[in-house]
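Student: Be aware that the sequence shown starts at 2, since it is given in this note's numbering, and climbs by one per residue. We put the beta carbon where it would ideally sit given N, CA and C, even for glycine.
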Amino acid sequence: MDGILLVNKPKFITSNDLVIKIKKHLNEKMGHTGTLDYAASGLMVLTVGQGTRITQYLQKLDKQYIAEGKLGEITDTYDSQGKIIE
Numbered sequence: 002m003d004g005i006l007l008v009n010k011p012k013f014i015t016s017n018d019l020v021i022k023i024k025k026h027l028n029e030k031m032g033h034t035g036t037l038d039y040a041a042s043g044l045m046v047l048t049v050g051q052g053t054r055i056t057q058y059l060q061k062l063d064k065q066y067i068a069e070g071k072l073g074e075i076t077d078t079y080d081s082q083g084k085i086i087e
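#1: Indicate whether K30 and T53 have their beta-carbon atoms separated by less than 7 Å.
#2: If you pair each beta-carbon of the stretch 41-60 with each one of the stretch 72-82, do three or more pairs fall below 8 Å?
#3: Among residues of its own chain, excluding the 5 on either side of G70, which ones have a beta-carbon nearer than 6 Å to its beta-carbon?
#4: Look at the Cβ atom of K12, then the Cβ atom of A40, and state whether they are nearer than 7 Å.
#5: Going by DSSP, name the residue or residues bridged to G4.
#6: Rounded C-beta distance between K10 and M45? I'm assuming under 8 Å.
#7: Go through its chain and collect everything with a Cβ distance to G83's Cβ below 8 Å, but skip five positions before and after it.
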């Protein structure tokens, strides 16, 4: 298999763990164009087989991020996983 895979990374899995699982299933050389935080979900662009040759070019493309937040609360970890302290 050669090309590009678009994968929706769920929350609470590392980008690396996701790539490892897919790589093991496909048994192919793989690359990715960037990582997402553990607590983030979103689209990951993975390159497979001969598609890994274009990874460096895909990494230079513009990216878009959409964030959701709750104003007025502070957690001890400064993310959604921490205990609310204020």
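Tutor: With the structure as the only source:
#1: In the sequence shown, the residue the question calls residue 30 occupies position 29. In the sequence shown, the residue the question calls residue 53 occupies position 52. Cβ distance < 7 Å, so K30 and T53 count as in contact.
#2: Touching, no.
#3: For the purposes of this step, residue 70 is taken as the residue at position 69 of the sequence shown. Counting only Cβ-Cβ distances below 6 Å, and skipping sequence neighbours, we find nothing.
#4: Taking the first residue of the sequence shown as position 1, residue 12 is located at position 11. Taking the first residue of the sequence shown as position 1, residue 40 is located at position 39. Closer than 7 Å, so yes.
#5: Your numbering for residue 4 matches position 3 in the sequence shown. G4 has V49 as its beta-bridge partners, per DSSP.
#6: Here residue 10 corresponds to residue number 9 of the sequence shown, with the count starting at 1. Here residue 45 corresponds to residue number 44 of the sequence shown, with the count starting at 1. Correct: roughly 5 Å between the Cβ atoms.
#7: Counted from its first residue, the sequence shown places residue 83 at position 82. The answer, listed in chain order, is T76 and D77.
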